[in-house]
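Note that the sequence shown ends on residue 473 in the numbering used here; no numbers are left out. We put the CB at the ideal spot given by N, CA and C, even for glycine. Keep in mind the model is a prediction, meaning the values are calculated, not measured. Everything below concerns the one structure shown next.
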Amino acid sequence: MKTLIRNGRVVTAVDDYIADIFIDGETVTTIGKMLDAEADVVIDASGKIVIPGGIDPHTHMELPFGGTQSSDDFFTGTRAAAFGGTTTIIDFAVQYKGESMIEAVDNWHAKAEGKCAIDYGFHLITTDFEDHHTEQMYTVMDEGITSFKLFMAYPGVFLVDDATIFRAMSAAGQRGGLICMHAENGIVINEIIKRFIADGRTAPKYHALSRPTIAEAEGVHRAIAIAEMAESPVYIVHLSSADALNKVREARDRGIPAFAETCPQYLFRSIDDYGDGWDGAKYVFTPPLREKHNCGELWKGLKMDDLQVISTDHCPFCMKEQKELGRESFDKIPNGAPGVENRMSLIYNGGVVENRISLNRFVELTSTAAAKMFGMFPKKGTIAVGSDADIVIFDPEKEHTFGVESEHMNVDYSTYEGWKVKGKVETVLSRGRVIIENGEHKGNAGDGQFIKRGECVKI
Ligand code: URP
Ligand code: ZN
Ligand code: ZN
Numbered sequence: 015m016k017t018l019i020r021n022g023r024v025v026t027a028v029d030d031y032i033a034d035i036f037i038d039g040e041t042v043t044t045i046g047k048m049l050d051a052e053a054d055v056v057i058d059a060s061g062k063i064v065i066p067g068g069i070d071p072h073t074h075m076e077l078p079f080g081g082t083q084s085s086d087d088f089f090t091g092t093r094a095a096a097f098g099g100t101t102t103i104i105d106f107a108v109q110y111k112g113e114s115m116i117e118a119v120d121n122w123h124a125k126a127e128g129k130c131a132i133d134y135g136f137h138l139i140t141t142d143f144e145d146h147h148t149e150q151m152y153t154v155m156d157e158g159i160t161s162f163k164l165f166m167a168y169p170g171v172f173l174v175d176d177a178t179i180f181r182a183m184s185a186a187g188q189r190g191g192l193i194c195m196h197a198e199n200g201i202v203i204n205e206i207i208k209r210f211i212a213d214g215r216t217a218p219k220y221h222a223l224s225r226p227t228i229a230e231a232e233g234v235h236r237a238i239a240i241a242e243m244a245e246s247p248v249y250i251v252h253l254s255s256a257d258a259l260n261k262v263r264e265a266r267d268r269g270i271p272a273f274a275e276t277c278p279q280y281l282f283r284s285i286d287d288y289g290d291g292w293d294g295a296k297y298v299f300t301p302p303l304r305e306k307h308n309c310g311e312l313w314k315g316l317k318m319d320d321l322q323v324i325s326t327d328h329c330p331f332c333m334k335e336q337k338e339l340g341r342e343s344f345d346k347i348p349n350g351a352p353g354v355e356n357r358m359s360l361i362y363n364g365g366v367v368e369n370r371i372s373l374n375r376f377v378e379l380t381s382t383a384a385a386k387m388f389g390m391f392p393k394k395g396t397i398a399v400g401s402d403a404d405i406v407i408f409d410p411e412k413e414h415t416f417g418v419e420s421e422h423m424n425v426d427y428s429t430y431e432g433w434k435v436k437g438k439v440e441t442v443l444s445r446g447r448v449i450i451e452n453g454e455h456k457g458n459a460g461d462g463q464f465i466k467r468g469e470c471v472k473i
């Protein structure tokens, strides 16, 4: 199959020009002006922006969590991602205590195999890491899983101690692996939660109040300090506050390889959204929403490269039957919210249209940087000869409104219900095949391939 995208404004992390793109099979083979080429499919992209497919390096499909399971499976979640202009996700496999890393990865391959609508990779959530796990870690890395998530939060579930963090970071760092850190002081937070519940403070907003920004900042500081001692890079996931950002900035200013992502919810929403009632359960995720001034600080961090990536932490739970598990007390509400479908338009509108970041930086934050950070570049994350033809044709003028009725995520609410944005994903190609066109999914479950990733970002 040969495809020609005509006359689009091609935007990468560094370029911005009008050109035709010729795709032979799965790969971009020629880029130029007025190409004289025969194609099976010709797409007129005049007046449109042509960007690399989005990469969302933080999603949780079918994650068993909080006494239930996230409501998107690997098909519904990746199809929704495609509708939103994302052509690659990195999801999280889980190694439970006592389980080998290899078993864990096999389990997650079995879950995702034959279901994904777009390409996918895995990080491995690691809950057990003694020195003898090093060999397993390297086996998993040879199989293309080159990043690992450790938790300083959720005691009794995912939390690991500092010794485990140090061992895992030392081993990963020696081999081009990357530790992704959920950085919050979960031990202290647990004590605050206990006090709140004893006092009858159980509404959803107390989820946020029990997790102060200083608990996040302490976690970030500790994660970076341990990484420094382990001579390893570290990547802070879902960073939510100015206090935590300051710790990353201080380290980067000293030349330490500390990296971080934030997510749209922390850029656009605030603690005020919880209100006093049950509806606030929609925003019970971790870290929680913060005071409004944090949003501006995070945008500054994105602009100045103290934050490198925008992911979603997509982890949906329906209000009905799932979030309801915590009707009596916020600590029983499954933590997570939907967002994988909203990210590209949301960031284009809030970032580019509202003049917070350039168009090139938009591409870098939503695609290129994740490809580089997690060992997929230049196959993914750019439009170049030899790269996978993962391409989004984006209408910069078209306005649309987010809402549960029109979205494709398998969940009963939208995190951004009723929000109007400018800029809409029009056509999506995944390795050369049109998978989204005229508001319809043209692909199938199982179109997406597992991506064997290479070494992560180097020190
Ligand atoms: O609330 C969240 N973030 N749920 C998903 C698990 C995690 O910590 O990323
Ligand atoms: Zn986390
Ligand atoms: Zn997460």
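Distance cut 6 Å, beta-carbon to ligand 2 heavy atom: residue list by chain order: H196, V251 and H252
Verify the contact flag: C329, CB atom, against every heavy atom of ligand 1, threshold strictly below 7 Å. As a first step, residue 329 is located in the sequence shown; it is residue number 315 there, counting from the start. Result yes, Cβ under 7 Å from ligand 1.
Can you tell me whether DSSP reads V262 as helix, strand or coil? As a first step, residue 262 is located in the sequence shown; it is residue number 248 there, counting from the start. In the structure shown, V262 sits in a helix (DSSP, three-state: H, G or I).
Neighbour-count burial assignment, D176, 16 or more Cβ in a 10 Å radius: Within the sequence shown, numbered from 1, the residue matching residue 176 stands at position 162. Exposed is the call here.
Per DSSP, which one or two residues make a beta bridge with F106? In the sequence shown, counting from the first residue as 1, residue 106 sits at position 92. Answer is H137.
Would you call the CB atoms of F88 and I450 closer than 8 Å? As a working note, residue 88 is residue 74 in the sequence shown. As a working note, residue 450 is residue 436 in the sequence shown. It is not a contact, given that the beta carbons lie outside the stated cut-off.
Which residue wins for smallest C-alpha separation from D105, given the options D120, F391, S255 and L77? Sequence index remark: in the sequence shown, residue 105 carries index 91 (1-based). It is L77 whose Cα lies nearest to the Cα of D105.
Are the beta-carbon atoms belonging to C194 and H137 less than 8 Å from one another? Here residue 194 is taken as the residue at index 180 of the sequence shown, counted from 1. Here residue 137 is taken as the residue at index 123 of the sequence shown, counted from 1. Yes, these two residues count as a Cβ contact at 8 Å.
Check D402 in the structure and name its three-state DSSP category. To locate residue 402, count along the sequence shown from 1; it is residue 388. If DSSP states are grouped into helix, strand and coil, D402 belongs with the strands.
Keeping to the same chain, check which residues put their C-beta closer than 7 Å to that of V418; ignore five residues upstream and five downstream. Your numbering for residue 418 matches position 404 in the sequence shown. Answer for V418: D426, Y427, S428 and E431, listed in chain order.
Measuring alpha carbon to alpha carbon, tell me which residue in I139, Q336 and R93 is nearest Y110. If you number the sequence shown from 1, residue 110 lands on position 96. Comparing Cα positions, the closest option is I139.
So does H137 have its beta carbon nearer than 7 Å to some heavy atom of ligand 1? Sequence index remark: in the sequence shown, residue 137 carries index 123 (1-based). False, no ligand heavy atom lies under 7 Å from that Cβ.
Got a sec, what are the start and stop residues for the beta strand (DSSP E) C194 sits in? The count along the sequence shown starts at 1 and reaches residue 194 at position 180. It spans L192 to H196 - the beta strand (DSSP E) in which C194 sits, taken as one unbroken run.
Through-space distance from E149 to T141, alpha-carbon basis: The residue labelled residue 141 in the question sits at position 127 within the sequence shown. The residue labelled residue 149 in the question sits at position 135 within the sequence shown. Looking at the two C-alpha atoms, the distance is approximately 16 Å.
Give the straight-line distance between the Cα atoms of A197 and K261, rounded to the nearest whole angstrom. The count along the sequence shown starts at 1 and reaches residue 197 at position 183. The count along the sequence shown starts at 1 and reaches residue 261 at position 247. Straight-line Cα distance between these residues: approximately 11 Å.
Throw me the rounded Cβ distance for the A131 and G395 pair, which I believe falls under 8 Å. Residue 131 sits at position 117 when you count from the first residue of the sequence shown. Residue 395 sits at position 381 when you count from the first residue of the sequence shown. Wrong, their Cβ atoms sit about 19 Å apart, outside the cutoff.
Does DSSP classify R268 as helix, strand or coil? Residue 268 sits at position 254 when you count from the first residue of the sequence shown. Three-state DSSP puts R268 in coil, outside helix and strand.
Using CA atoms only, rank isn't needed, just tell me which of E454, F79, E413 and T153 is closest to V502. Any question about residue 502 goes unanswered here, given that the chain covers just 15 to 473.
Span of the alpha helix (DSSP H), counted from its first residue to its last, around N374: Here residue 374 refers to the residue found at position 360 of the sequence shown. Where N374 is concerned, the enclosing alpha helix (DSSP H) stretches over L373 to V377.
Spatial distance of D319 from A212 (CA atoms): Within the sequence shown, numbered from 1, the residue matching residue 319 stands at position 305. Within the sequence shown, numbered from 1, the residue matching residue 212 stands at position 198. About 42 Å.
I'd like to check one pair, I19 with I407: are the Cβ atoms closer than 8 Å? Translated into the one-based positions of the sequence shown, residue 407 becomes position 393. Translated into the one-based positions of the sequence shown, residue 19 becomes position 5. In contact: I407 and I19 (Cβ atoms closer than 8 Å).
From L379 to L316, what distance separates their C-alpha atoms? Here the question's residue 379 lines up with position 365 in the sequence shown. Here the question's residue 316 lines up with position 302 in the sequence shown. Cα-Cα distance, rounded: 8 Å.
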